[in-house]
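These notes are about the structure you will find just below.
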Amino acid sequence: MDDRLIRQAIRDRRVIEFRYHGEHRTVEPYRLGLDGGRLRLMGWQSRKGWRSFHVEDMDELALTERTFLDPRQGYVRGDPRMDRILAEV
């Protein structure tokens, strides 16, 4: 999957929707990075809180018109678990 839409969503603080392992997800994207050579998205999922998603397992990615402002409680810039951060709120 091309990660440009995810980067745009992080930059513009726009909520995204996608299918992940067959289930619909609505997520506020906060960080995109490399983890063991795999692209990983960290975000806030409604109903479930902080979640991590492997980008290669995401389908039907779409930007919504909804935005988010202040970072959610528990968000800390930088993530030592990621090898490299590519985009971040």
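Numbered per the UniProt record's numbering, the sequence shown spans residues 1 to 89. C-beta atoms are modelled at their ideal positions from N, C-alpha and C, and glycine is treated no differently. Predicted, not measured: the structure shown is a model, and the values here were computed from it.
When DSSP states are grouped into helix, strand and coil, residue 15 belongs to the strand group.
Of 14, 22 and 28, the smallest CA-CA separation from residue 73 is found for 28. For residue 73, no beta strand (DSSP E) encloses it, and the DSSP letter there is neither H nor E. Residue 39 holds the alpha-carbon nearest to the alpha-carbon of residue 53 among 16, 60, 39 and 47. Boundaries of the beta strand (DSSP E) harbouring residue 49: 49-54, taken from the DSSP string.
Rounded to the nearest whole angstrom, the CA to CA distance from residue 19 to residue 9 is 16 angstroms.
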